[in-house]
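Enquirer: Per the numbering used here, the sequence shown starts with residue 475, numbered consecutively.
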Amino acid sequence: MNQKDKIKIFATRKLPDALCKELQDCHSGLELICTETDTPLGKDELLKRVEAEEPYGIVITLAEKCKSDVVSRLPESVKAISTIAVGTDNIDSKACKERGIGVYNTPDLLTEATADLTWALILAASRRVIEGHKMCVNNRFAGWSPTLLMGKELNGATLGIVGLGRIGKAVARRASGFGMKVIYNNRKPMEISEEAYFTDLNLNPPEYVTVDDLCRLSDVISLHCPLNKESLKLFDEARLLSCKKDAVLVNMARGTVIDENALVKTLKSGHFMGVGLDVYENEPEIHKGLMEIDRAVLLPHIGSATTATRWKMMSSAVNAIVEHFRDMD
Ligand code: DGY
């Protein structure tokens, strides 16, 4: 094989051996080097490994930061960065562009898995699933009672979606099965052509409202917006308090869309019937206050974690770099 057909990719995480073999069999000339561990690489460690390997591309995760301070120090060999995620808020895309580095993510692939887990959180928080489970395993179930662990009725309730992108739409689609009305806020209202996503299935398209109205009107609020200047701490104390007192709030977007201190404070004051969180402000750290609240259902950022979806995400992240390499040829 010609030297120029060889491509080296460095992955900041240990990818499954079977996947690496599948990818290497599929792309002749591919050398895929994975770290030995499955813990996030800090800035210095990442740079040290990349300097030593001098790869063409780097596969990262949302836990590795590629901001301008890192991008500016990458070796010349690096021409593409690919993240095993849809969110790219951990990458400075502008700095990459300036250095001629392509940036790739894995949209589409994780839509359905993430929408499913959103509903797991909506249901768990609305119907007090974790409280019920704890009652059973701690031997505190004293028999059926007319008032035991009463939760929120979803049928007829209003679901407010912040961020009606792919995942937000897939969450909205599922809401019809629960008999819910859906309203949403997005950077801009859907085009008529986008409404076909719903009308083709004989579903009413969700109604566009302001964030203020969404908070005022929703019984369940589900966050799916990308993290950017507009969405950072969008749910601060005032906004949290503007939600219905017995609302359920679910966050599948990024932790910093909510001010976590304010959330703990409002929960402690009795606001919200429940919350369901898959993401946190300082991951993997979780605010101690959240752990003390029974109405908070907490998951460790596993929105897209089905075997099938993660396999597709990991291979797509590698394939994107190989395609970038071939296109540049
Ligand atoms: C993403 O893709 O951004 C998710 O948060 C990872 O599952």
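Note that beta-carbon positions come from the ideal geometry of N, C-alpha and C, so glycine has one too. Bear in mind the structure is a predicted one, so any value in this text is a computation, not a measurement.
So which residues touch the region around the ligand DGY, with touch meaning a C-beta under 5 Å from any heavy atom?
Expert: 559, 560, 561, 777, 778
Enquirer: Quick check on the burial criterion: 16 or more other C-beta atoms within 10 angstroms. Buried or exposed for residue 667?
Expert: exposed
Enquirer: Helix, strand or coil for residue 530 per DSSP?
Expert: Judged by DSSP in its simplified three-state form, residue 530 adopts coil rather than helix or strand.
Enquirer: Suppose contacts are defined by Cβ-Cβ distances below 9 Å. Is residue 693 in contact with residue 718 by that definition?
Expert: yes
Enquirer: Could you give the DSSP three-state label for residue 656: helix, strand or coil?
Expert: strand
Enquirer: Can you say whether residue 781 is buried or exposed, counting buried as having 16 or more other CB atoms within 10 angstroms of its CB?
Expert: exposed
Enquirer: Using DSSP's beta-bridge definition, name the partner residues of residue 505.
Expert: 482
Enquirer: What do you get for residue 756, buried or exposed, if any count of 16 or more other CB atoms within 10 angstroms of its CB means buried?
Expert: It is exposed - the Cβ of residue 756 has fewer than 16 other Cβ atoms within 10 Å.
Enquirer: Could you say if the stretch 724 to 744 and the stretch 698 to 712 meet the contact criterion of at least three C-beta pairs nearer than 8 Å?
Expert: yes
Enquirer: Given this structure, state the Cα-to-Cα distance separating residue 641 from residue 748, to the nearest angstrom.
Expert: Distance from the CA atom of residue 641 to the CA atom of residue 748, rounded to whole angstroms, is 22 Å.
Enquirer: Looking at the strands, I want to know which residues DSSP matches up with residue 612.
Expert: Looking at the DSSP assignment, residue 612 forms no beta bridge with any residue, so it has no partner.
Enquirer: When DSSP builds the beta bridges, which residues end up paired with residue 500?
Expert: In DSSP, residue 500 forms no bridge with anything.
Enquirer: Sort 629, 643, 610 by Cα distance to residue 654 and report the nearest one.
Expert: The shortest CA-to-CA distance from residue 654 to any of 629, 643, 610 is the one to 629.
Enquirer: Which first and last residues belong to the beta strand (DSSP E) in which residue 771 is found?
Expert: 770 to 772
Enquirer: Cβ atoms of residue 685 and residue 753: under 9 Å apart, would you say?
Expert: no
Enquirer: Under the DSSP definition of a beta bridge, which residues are partnered with residue 554?
Expert: In DSSP, residue 554 forms a bridge with 531, 576.
Enquirer: DSSP puts residue 635 in a beta bridge; with which residues?
Expert: Residue 635 is bridged by DSSP to 658, 696.
Enquirer: Just to confirm the assignment, what range does the beta strand (DSSP E) spanning residue 645 have?
Expert: Residue 645 -> not in any beta strand (DSSP E); alpha helix (DSSP H) instead, spanning 640 to 649.
Enquirer: Which first and last residues belong to the alpha helix (DSSP H) in which residue 792 is found?
Expert: Residue 792 -> alpha helix (DSSP H) spans 781 to 802.
Enquirer: In this structure, what does DSSP give as the bridge partners for residue 682?
Expert: The partner list for residue 682 (beta bridge, DSSP) reads 658.
Enquirer: To which residues of the same chain is residue 537 closer than 6 Å at the C-beta, ignoring the five residues directly before and after it?
Expert: 514
Enquirer: Quick one: measure Cβ to Cβ for residue 792 and residue 533, integer angstroms, because I've assumed they're closer than 8 Å.
Expert: 6 Å
Enquirer: Are the stretch 663 to 677 and the stretch 699 to 708 in contact at 8 Å, needing three or more beta carbon pairs?
Expert: Contact fails: fewer than three Cβ-Cβ distances are below 8 Å.
Enquirer: CA-CA distance, residue 726 and residue 528?
Expert: 35 Å
Enquirer: For residue 563 and residue 557, what's the separation of their Cα atoms in angstroms?
Expert: Between residue 563 and residue 557, the alpha-carbon positions lie close to 10 Å from each other.
Enquirer: Where does residue 606 fall in DSSP's three states?
Expert: helix
Enquirer: Roughly how many whole angstroms lie between the Cα atoms of residue 805 and residue 799?
Expert: Residue 805 is absent from the structure shown; the chain starts at 475 and stops at 803.
Enquirer: Taking 8 Å as the limit between beta carbons, can you name the residues of its chain near residue 488, skipping five residues before and five after?
Expert: 508, 509, 510, 511, 512
Enquirer: Give me the DSSP bridge partner(s) of residue 524.
Expert: For residue 524, which the question treats as bridged, DSSP gives no partner whatsoever.
Enquirer: Grouping DSSP H, G and I as helix and E and B as strand, with all else coil, what is residue 776?
Expert: Of the three classes helix, strand and coil, the one that applies to residue 776 here is coil, per DSSP.
Enquirer: Span of the alpha helix (DSSP H) holding residue 735?
Expert: 734 to 742
Enquirer: Please report the residue range of the beta strand (DSSP E) in which residue 722 lies.
Expert: Here the beta strand (DSSP E) through residue 722 covers 722 to 725.
Enquirer: Just mark residue 789 as buried or exposed, buried being the case when its beta carbon has 16 or more other beta carbons within 10 Å.
Expert: buried
Enquirer: Pull the bridge partners of residue 751 from the DSSP assignment, please.
Expert: 725, 772
Enquirer: Closer than 8 Å is the cut-off here; do at least three beta carbon pairs connect the stretch 594 to 606 with the stretch 620 to 627?
Expert: yes
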